Each structure stands twice: as structure tokens, then as C-alpha cells.
Amino acid sequence: MRSASAEGESEIWRVLARVSDPELPILSIVELGIVRYVHWRDTEPPHVGITPTYSGCPATDVIRAAVRASLACAGYGDAIIEEVLAPPWTSDWLTAEGRRKLADSGIAPPVRSAQAHGGVACPRCASRATQLVSEFGSTPCKAHYRCTACLEPFEHFKCL
Amino acid sequence: MSASVSGEPDTVRRCNYVLRLADTSLVLAQRLGEWVGHAPALEEELGLANVALDLLGQARLLFAYAGELEARGRSEDDLAFSRDQGDFLNLALAEQPNGDFGATIVRQVLLDGFQLVLYESLEHSRDARLAAIAAKSLKETRYHFRYSGGWLIRLGDGTPESHRRVQAALDDLWRFTGELFAADEIDAAMAAARIAPVLGDLHPGWVARIDEVLSEATLTRPADVAYRWHGKRGEHSEHLGYLLAEMQFLYRAYPGARW
Chain A
617 MRSASAEGES EIWRVLARVS DPELPILSIV ELGIVRYVHW RDTEPPHVGI TPTYSGCPAT
677 DVIRAAVRAS LACAGYGDAI IEEVLAPPWT SDWLTAEGRR KLADSGIAPP VRSAQAHGGV
737 ACPRCASRAT QLVSEFGSTP CKAHYRCTAC LEPFEHFKCL
Chain B
-6 MSASVSGEPD TVRRCNYVLR LADTSLVLAQ RLGEWVGHAP ALEEELGLAN VALDLLGQAR
54 LLFAYAGELE ARGRSEDDLA FSRDQGDFLN LALAEQPNGD FGATIVRQVL LDGFQLVLYE
114 SLEHSRDARL AAIAAKSLKE TRYHFRYSGG WLIRLGDGTP ESHRRVQAAL DDLWRFTGEL
174 FAADEIDAAM AAARIAPVLG DLHPGWVARI DEVLSEATLT RPADVAYRWH GKRGEHSEHL
234 GYLLAEMQFL YRAYPGARW
């Protein structure tokens, strides 16, 4: 029997942690930092707040559908999914684990906004001798770089 | 209808104000999307398409809000695809044809710069929904302007041919910039309610940003000319109808079609 509680909220967080981002399937939506809250109080149905990364990101609708399906499978079909616009998403919300997974799969993780001028390290050879090829890549959240040390092209998850 | 200058603007005015922003972003996104398959390099095709996608996303947020204000049950899609040319309230500059890559970049610099100063101000709007949309859009507009400005500098300060082409595009498109800062009764009512900035107040900041890019691009800012276009009142140049015909065809041919 399910009941509203801190434990119930943790269970919902665990369900959400298994939903992957459709464009970066190595990341869960929790690691991406787009789940802003899970509220479940008293007799209310659970409320889940999700924030879009880029306003035009086509993955947003897919994510919403995946969240709804996963919650329904786990017995939370009545959960209310809310779109949170403010404050706007920032790449600073990517978790440490999410950053590690990006780097492991060859995508340079975002540099924290505060130290954004340190340069982007090559995910292959770790050199900072890298050049921006284009601010736009295969998805809205990525830019296209090349490493002048190992000469490999790579993608960088942009700071926003 | 008379505006109550000190009070809350009526919902119709607020809805039209939001539609102007939404239509400008949508029409510009559609224009940029026309480059897909035709851009001079793959990186620029991705760049223009990504900017278009951001603008489309911003338009969707604005259409959703306009639909709620209007309270007639029209969805984002209804507003984007079922209104005719005279109902579109976008700035006339946004609908101007792409021309060559240089002309597209000139149009983009002028409009990115405008959205930049506008969103910087709208971010502090008393309308919390508009403030949230502006704050989100602003982060994207900053790199749009970096992209278009960077290209204008390369083209202006490039070869004699690229310089000649972007200067010609600038001379041609400049006549549409008067509309950006010409306030009418809707702008005045929104400014009085502190929902939107006084448009004229944004002008110096825009000119400063544009001049900075033009100077590095070794381009000359044309003289201001009389303002004759009224896109945001639904009076458009001959180009918008063709754009809408292509953009709205599917929705009109197959009403209610869904992915």
C-alpha cells in the first residue's frame, strides 16, 4: 500500500533515476539535473517538477512521456508532472556522476560557469590544447571541438 | 477601446503583445530552417538549424501563454498554423527573405541584438510568466548573437566580395529596423503596467551593440529612414504569405494531424 511520505518521495526519485535522456542515453534525467522536485504530501497525488534544458530541445516531449510511463509502471500513474520554467536550467546542475559518465563516453563535460575560461579538456587525451570548431553540434546541448594535441574531434556539453 | 494607462492592461492587449514576440520568433525560425540542405557548410547548417530550434522553442512557450490569455481553447499549433497573414504580428524584418548567407547573417545580427536587449529587460517583467520565458530565452539569445556577430565580422572584414555583399544587405535591411523601437498603444500600455520595457529606452543599448559588431566588421551603419512597415499590426511585406503557405500547408490540409 503506497502512502505519501519522505520514503515515498525517495521511491519516486529512484524511479526517475532509471529514466534516461533520449539524446544522451548514458545519462539519467536526474543526473542531467532536470528533475527539480518531487513533492508528495498528504492526500494529494505526487507532483514532479521537470525543467527543459534548451527551449527548443525536441527531447523534452519524449522525456515527459517517458517519465509518465515509468511512474505509471511503478504505480504512480496519477503523478502530476509540472513544467518548471524559473529558474532556467543551467549545465551547473549536472551531477558529478553525470559529468563522469559524459567524460567516459567521450563527451567533454561542461566546465562550471564560474571557471568557464579555463578551456575545455580533450576527453581522449586530457590536453587543454583544444579549439572550438562550432558552437553547434549534433544536439542543442553540444558544441563541436577538436584537440590539437591528439588531433581527434570531440563533442563538448556546452555551458548554459 | 481606450487604454487605461495607469492600470492593468486588458487581456486582449497582453495577449497581442505576447503574440508579437511569439510570431517574430516563429517566422524567423521558419526562415532559418529554409537553409537546411542549402547552407554553405555543414557546421553553418547545424548552426542555423540550432538557432531556429531555440527560436521555435521560445515561440512555443509564448504561444502556450498567449493561448491561455486568449482563453478560446486554441493550442500552440492552432495559433501557429491556422492564423492568416493579417493575424500575424511579427516584426516585418523577421519575414524578409534569406537572400545569400551574408544577408541572412545581417538580418540575424539585427534581430538577435534586439531580442538580447528586450529579454534583458523582460527578465524583470512584473508578469512572472513572461519574466521566466525571457530569462530562459536570454541564455540562448546570448550565444545566437555571438554566432551571428562572429560571422558578420568575418564576412565584413573578409574579402572585398564578402564585404560588398554584407554591406549591401545591411543597406537593404536597415529600413526595417525602425519598427523594432516604434511603440504603439499596446507597447505603451504594457510599459505603463511595467510588464514590458519602454521600447525607446532599449534603442541606445541596441545601437551600441550593433555598432560594436559593425565597427569590427568594418561596415558602415546606414542612416535611419522613415518607418513604414507595420508587421506587428498585421500589415506585412509581400513575403510573409509565401512563408506561411509553406509552413501551414500540412496542418491545413490535414486538420488535427499529429506526430
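These protein sequence lines map, in sequence, to chains A and B. For reference, each letter of the first sequence is one residue, going 617 to 776 in this note's numbering. For reference, each letter of the second sequence is one residue, going -6 to 252 in this note's numbering. Just so it is clear, CB atoms sit at the ideal spot from N, CA and C, and this is done for glycine as well. On a predicted model such as this, the values are computed, not experimentally measured, just so you know.
Taking the beta strand (DSSP E) that TYR247 of chain B falls in, what are its first and last residues? Position 254 of the second sequence, counting from 1, holds the residue named residue 247 of chain B. TYR247 of chain B -> no beta strand (DSSP E), and no H or E assigned at all.
May I ask you to verify whether the region 45 to 57 of chain B touches the region 125 to 133 of chain B, counting CB pairs closer than 8 Å and requiring at least 3? yes
Through-space distance from PRO668 of chain A to GLU699 of chain A, alpha-carbon basis: The sequence position of residue 699 of chain A within the first sequence is 83, counting from 1. The sequence position of residue 668 of chain A within the first sequence is 52, counting from 1. Between GLU699 of chain A and PRO668 of chain A, the C-alpha separation is close to 8 Å.
Judging by CA-CA distance, which residue of B:ALA125, B:TRP167 and B:GLY227 is the nearest neighbour of PRO704 of chain A? Along the first sequence, one-based indexing puts residue 704 of chain A at 88. The residue with the shortest Cα to Cα distance from PRO704 of chain A is B:ALA125.
At a Cβ cut of 9 Å, what residues of the region 125 to 142 of chain B count as close to chain A, listed as they run along the chain? ALA125, ILE126, ALA128, LYS129, SER130, LEU131, LYS132, GLU133, TYR136, ARG139 and TYR140
Suppose only complete runs of 4+ residues qualify. What are the alpha helix (DSSP H) ranges in the region 117 to 178 of chain B, listed by chain order? 121 to 149, 153 to 166 and 171 to 174
Residue range of the alpha helix (DSSP H) that includes CYS689 of chain A: On the first sequence, position 73 is the one that residue 689 of chain A refers to. Taken as a continuous stretch (DSSP letters only), the alpha helix (DSSP H) holding CYS689 of chain A covers 675 to 689.
Inter-residue CB distance, SER743 of chain A and CYS763 of chain A (contact presumed, cutoff 8 Å): Taking the first residue of the first sequence as 1, we reach residue 743 of chain A at position 127. Taking the first residue of the first sequence as 1, we reach residue 763 of chain A at position 147. The Cβ separation is near 6 Å, so the contact holds.
Cβ pair ALA73 of chain B, PHE94 of chain B closer than 8 Å: Here residue 73 of chain B refers to the residue found at position 80 when the second sequence is read from its first residue. Here residue 94 of chain B refers to the residue found at position 101 when the second sequence is read from its first residue. Contact flag unset, no.
Sorted by chain position, which residues of the same chain lie with C-beta nearer than 6 Å to ASP180 of chain B's C-beta, five sequence neighbours on each side aside? On the second sequence, position 187 is the one that residue 180 of chain B refers to. So the list reads LEU192, once near-sequence residues are dropped.
CYS763 of chain A, enclosing beta strand (DSSP E) - first and last residue: Residue 763 of chain A sits at position 147 when you count from the first residue of the first sequence. Segment 758 to 763, the beta strand (DSSP E) holding CYS763 of chain A.
Taking the alpha carbon of ALA724 of chain A as the point to measure from, which residue in A:PRO661, A:ASP694, A:LEU687 and A:GLU771 has its own alpha carbon closest? Here residue 724 of chain A is taken as the residue at index 108 of the first sequence, counted from 1. The residue with the shortest Cα to Cα distance from ALA724 of chain A is A:GLU771.
Given 8 Å, three or more beta-carbon pairs between the region 11 to 22 of chain B and the region 80 to 98 of chain B: yes
Taking the alpha helix (DSSP H) that ARG226 of chain B belongs to, which residues open and close that run? Your numbering for residue 226 of chain B matches position 233 in the second sequence. Per DSSP, ARG226 of chain B belongs to no alpha helix (DSSP H) and is neither H nor E.
Closest Cα partner of PRO197 of chain B within the set B:ALA59, B:VAL110 and B:ALA182: Along the second sequence, one-based indexing puts residue 197 of chain B at 204. Measuring from the Cα of PRO197 of chain B, the nearest candidate turns out to be B:VAL110.
Measure the alpha-carbon distance for GLY582 of chain A versus VAL651 of chain A and round it to whole angstroms. Given a span of 617 to 776 for chain A in the structure shown, any question on residue 582 of chain A remains unanswerable.
Could you pull out every residue in the same chain whose Cβ sits closer than 7 Å to the Cβ of VAL99 of chain B, ignoring the five residues on either side in sequence? On the second sequence, residue 99 of chain B is found 106 positions in, with the first residue counted as 1. Cβ neighbours of VAL99 of chain B beyond the five flanking positions: LEU145, VAL159, ALA162, LEU163 and LEU166.
Under 8 Å, CB to CB, which of the residues in the region 654 to 669 of chain A have a partner in chain B? PRO668
Step through the CB atoms of chain A and report whether any lies within less than 8 Å of the CB of LEU54 of chain B. Start at 1 with the first residue of the second sequence, and residue 54 of chain B comes out as number 61. With 8 Å as the cut-off, LEU54 of chain B counts as an interface residue toward chain A.
Taking VAL20 of chain B and LEU236 of chain B to be in contact with their CB atoms under 8 Å, please state how far apart those CB atoms are, rounded to whole angstroms. In the second sequence, residue 20 of chain B corresponds to position 27, counting from 1. In the second sequence, residue 236 of chain B corresponds to position 243, counting from 1. Rounded, the Cβ-Cβ distance is 7 Å, consistent with contact.
Neighbouring residues, chain A, relative to ASP120 of chain B (Cβ below 7 Å): The sequence position of residue 120 of chain B within the second sequence is 127, counting from 1. By Cβ distance, chain A contributes nothing, its closest Cβ being about 12 Å from ASP120 of chain B, past 7 Å.
N-terminal and C-terminal residue of the alpha helix (DSSP H) that TYR10 of chain B is part of: Sequence index remark: in the second sequence, residue 10 of chain B carries index 17 (1-based). Its alpha helix (DSSP H) spans residues 4 to 26.
Is there contact between the region 674 to 681 of chain A and the region 635 to 643 of chain A, where contact requires at least three CB pairs shorter than 8 Å? yes
From B:LEU212, B:ARG202, B:TRP199 and B:GLU61, residue whose alpha carbon lies closest to that of ARG157 of chain B: Sequence index remark: in the second sequence, residue 157 of chain B carries index 164 (1-based). Selected option, being the one with the closest Cα: B:LEU212.
Start-to-end residues for the beta strand (DSSP E) that takes in PHE770 of chain A: The count along the first sequence starts at 1 and reaches residue 770 of chain A at position 154. Where PHE770 of chain A is concerned, the enclosing beta strand (DSSP E) stretches over 769 to 773.
Suppose the cutoff is 7 Å on Cβ atoms and the five residues either side in sequence are ignored; what does the same chain contact list for PRO739 of chain A look like? Position 123 of the first sequence, counting from 1, holds the residue named residue 739 of chain A. The answer, listed in chain order, is ALA719, GLY722, ILE723, ALA724 and PHE770.
Cβ-based neighbour list, CYS766 of chain A, same chain, cut-off 8 Å, excluding 5 preceding and 5 following: In the first sequence, counting from the first residue as 1, residue 766 of chain A sits at position 150. For CYS766 of chain A, where only same-chain residues beyond five positions count, the Cβ hits under 8 Å are CYS738, ARG740, CYS741 and SER743.
Secondary structure of HIS196 of chain B, DSSP reduced to three states: Along the second sequence, read from residue 1 onward, the residue named residue 196 of chain B stands at position 203. DSSP places HIS196 of chain B in helix when its eight states are reduced to three.
Please list the residues of the region 625 to 646 of chain A that have a C-beta atom closer than 7 Å to any C-beta atom in chain B, keeping them in chain order. none
For ASN83 of chain B, decide whether its Cβ has a neighbour in chain A, counting only Cβ atoms nearer than 8 Å. Position 90 of the second sequence holds residue 83 of chain B. It does not; no Cβ of chain A falls within 8 Å.
Thinking C-beta only, is ALA87 of chain B closer than 8 Å to LEU254 of chain B? Residue 254 of chain B lies beyond the residue range present for chain B, which begins at -6 and ends at 252; the question has no answer from this structure.
Short of 6 Å in beta carbon distance, which residues of its chain neighbour GLY171 of chain B, apart from the five on each side in sequence? Order them along the chain. Working through the second sequence from its first residue, we reach residue 171 of chain B at position 178. Closer than 6 Å at the Cβ level, and outside the excluded window around GLY171 of chain B, lie TYR220.
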